[in-house]
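With my numbering as the guide, the letters of the sequence shown map in order to residues 128 to 263. Even glycine gets a Cβ: it sits at the ideal position worked out from N, Cα and C. Read through the structure below, which is laid out as C-alpha coordinates, and then see the notes.
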Amino acid sequence: SRGKLAGACLASAGTDGLRVWSILEVQGRSKQEAVDDSENKESIRDVAWKPWDGNYDTLASVKGHEVIFWCRDKISSKWVVESRVDLEEEVWHLEWQAGSQLLVSCGSKEYRSILLKQQLSGKWDTIDMSGEVTAQ
(Lines of atoms letter the chains of each structure in order from A and count residues from 1; the text may use other names and numbers.)
(Lines give C-alpha, C1' and ligand atoms only; values in the text may rest on other atoms or scores of the structure.)
Protein backbone atom coordinates (compact mmCIF):
# COMPACT_ATOMS: atom_id res chain seq x y z
CA SER A 1 0.00 0.00 0.00
CA ARG A 2 1.05 3.57 -0.58
CA GLY A 3 1.07 4.47 3.12
CA LYS A 4 4.05 2.22 3.67
CA LEU A 5 6.10 4.36 1.25
CA ALA A 6 5.66 7.65 3.15
CA GLY A 7 9.13 8.91 4.08
CA ALA A 8 10.88 6.76 1.45
CA CYS A 9 13.31 8.27 -1.06
CA LEU A 10 14.23 7.48 -4.66
CA ALA A 11 17.35 8.46 -6.59
CA SER A 12 18.02 8.21 -10.33
CA ALA A 13 21.08 8.56 -12.53
CA GLY A 14 21.03 9.71 -16.14
CA THR A 15 21.99 12.30 -18.71
CA ASP A 16 20.17 14.91 -16.58
CA GLY A 17 22.51 14.21 -13.64
CA LEU A 18 21.50 13.01 -10.19
CA ARG A 19 17.83 13.36 -9.20
CA VAL A 20 16.37 12.61 -5.76
CA TRP A 21 12.72 12.43 -4.71
CA SER A 22 11.07 11.90 -1.35
CA ILE A 23 7.60 10.41 -0.91
CA LEU A 24 5.73 12.80 1.32
CA GLU A 25 2.35 11.38 2.20
CA VAL A 26 0.16 8.36 2.52
CA GLN A 27 -1.31 9.25 -0.90
CA GLY A 28 2.11 8.63 -2.44
CA ARG A 29 2.83 12.18 -3.62
CA SER A 30 6.50 12.91 -4.17
CA LYS A 31 8.71 15.99 -4.10
CA GLN A 32 11.94 16.39 -6.02
CA GLU A 33 14.72 17.33 -3.62
CA ALA A 34 17.32 20.01 -4.33
CA VAL A 35 20.73 18.84 -5.59
CA ASP A 36 23.77 21.14 -5.78
CA ASP A 37 23.58 22.15 -9.46
CA SER A 38 27.20 23.30 -9.64
CA GLU A 39 28.21 19.65 -9.14
CA ASN A 40 25.41 18.08 -11.18
CA LYS A 41 25.75 19.20 -14.82
CA GLU A 42 27.09 16.01 -16.41
CA SER A 43 25.71 12.55 -17.00
CA ILE A 44 25.67 10.23 -14.01
CA ARG A 45 26.17 6.56 -14.90
CA ASP A 46 24.95 4.91 -11.66
CA VAL A 47 23.71 5.82 -8.18
CA ALA A 48 23.36 3.80 -4.96
CA TRP A 49 21.96 4.58 -1.50
CA LYS A 50 24.15 3.77 1.49
CA PRO A 51 22.23 1.58 3.93
CA TRP A 52 20.93 3.66 6.85
CA ASP A 53 23.60 3.89 9.56
CA GLY A 54 21.62 5.97 12.06
CA ASN A 55 23.59 9.14 11.28
CA TYR A 56 22.65 10.57 7.89
CA ASP A 57 21.65 9.70 4.34
CA THR A 58 24.45 9.15 1.84
CA LEU A 59 24.39 8.53 -1.91
CA ALA A 60 27.25 7.42 -4.13
CA SER A 61 27.18 8.22 -7.84
CA VAL A 62 29.46 7.59 -10.82
CA LYS A 63 30.67 10.15 -13.36
CA GLY A 64 33.38 8.83 -15.68
CA HIS A 65 36.37 7.86 -13.50
CA GLU A 66 34.95 9.38 -10.32
CA VAL A 67 32.87 8.01 -7.48
CA ILE A 68 31.08 10.97 -5.89
CA PHE A 69 29.66 10.83 -2.36
CA TRP A 70 26.65 13.04 -1.65
CA CYS A 71 25.03 13.91 1.69
CA ARG A 72 22.04 16.03 2.61
CA ASP A 73 23.11 19.40 4.04
CA LYS A 74 21.61 19.76 7.53
CA ILE A 75 20.78 23.45 7.08
CA SER A 76 19.58 23.74 3.46
CA SER A 77 18.45 20.07 3.01
CA LYS A 78 20.13 20.25 -0.43
CA TRP A 79 22.17 17.25 -1.59
CA VAL A 80 25.83 18.34 -1.72
CA VAL A 81 29.11 16.62 -2.60
CA GLU A 82 30.84 15.34 0.51
CA SER A 83 33.87 13.74 -1.19
CA ARG A 84 35.20 12.26 -4.43
CA VAL A 85 37.42 9.33 -5.32
CA ASP A 86 39.12 9.27 -8.74
CA LEU A 87 39.77 5.66 -9.75
CA GLU A 88 41.62 6.65 -12.96
CA GLU A 89 39.53 4.31 -15.11
CA GLU A 90 35.91 4.11 -16.22
CA VAL A 91 33.50 3.17 -13.42
CA TRP A 92 30.36 1.27 -14.40
CA HIS A 93 28.44 0.13 -11.34
CA LEU A 94 28.15 0.75 -7.57
CA GLU A 95 26.81 -1.51 -4.83
CA TRP A 96 26.91 -0.83 -1.08
CA GLN A 97 27.98 -3.75 1.10
CA ALA A 98 27.48 -4.42 4.81
CA GLY A 99 29.73 -2.30 7.01
CA SER A 100 29.37 0.78 4.76
CA GLN A 101 31.79 -0.49 2.14
CA LEU A 102 31.15 0.31 -1.51
CA LEU A 103 31.82 -2.29 -4.21
CA VAL A 104 32.76 -0.65 -7.51
CA SER A 105 32.86 -2.33 -10.93
CA CYS A 106 35.24 -0.61 -13.32
CA GLY A 107 37.68 -0.96 -16.19
CA SER A 108 37.91 -0.14 -19.87
CA LYS A 109 39.95 -3.04 -21.16
CA GLU A 110 39.92 -5.36 -18.16
CA TYR A 111 36.80 -5.54 -16.01
CA ARG A 112 37.57 -5.59 -12.27
CA SER A 113 36.07 -4.90 -8.86
CA ILE A 114 37.32 -2.42 -6.28
CA LEU A 115 36.15 -2.07 -2.69
CA LEU A 116 36.03 1.44 -1.21
CA LYS A 117 36.18 1.53 2.58
CA GLN A 118 35.86 4.77 4.52
CA GLN A 119 38.39 5.53 7.25
CA LEU A 120 37.33 7.29 10.47
CA SER A 121 39.01 10.44 9.08
CA GLY A 122 36.57 10.40 6.15
CA LYS A 123 39.15 9.42 3.54
CA TRP A 124 38.51 6.36 1.40
CA ASP A 125 40.78 3.32 1.06
CA THR A 126 40.78 1.73 -2.37
CA ILE A 127 41.12 -2.04 -2.19
CA ASP A 128 41.59 -3.87 -5.47
CA MET A 129 39.92 -7.24 -5.08
CA SER A 130 43.25 -8.77 -6.14
CA GLY A 131 44.69 -7.48 -2.85
CA GLU A 132 46.33 -4.08 -3.51
CA VAL A 133 45.39 -1.32 -1.02
CA THR A 134 45.84 2.43 -1.62
CA ALA A 135 44.60 5.43 0.40
CA GLN A 136 42.87 8.31 -1.37
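Beta-carbon to beta-carbon, histidine 220 and aspartate 173 are separated by about 5 Å, close enough to satisfy the 8 Å threshold. Residue pairing from DSSP places isoleucine 241 in a beta bridge opposite Val231 and Asp255. By the C-beta density criterion, threonine 185 is buried, having at least 16 other C-beta atoms within 10 angstroms.
Counting of Cβ neighbours within 10 angstroms places serine 188 among the buried residues, the total reaching 16 or more. Shortest Cα-Cα distance from leucine 145 to any of Gly181, Leu242, Cys198 and Ala135 involves Cys198.
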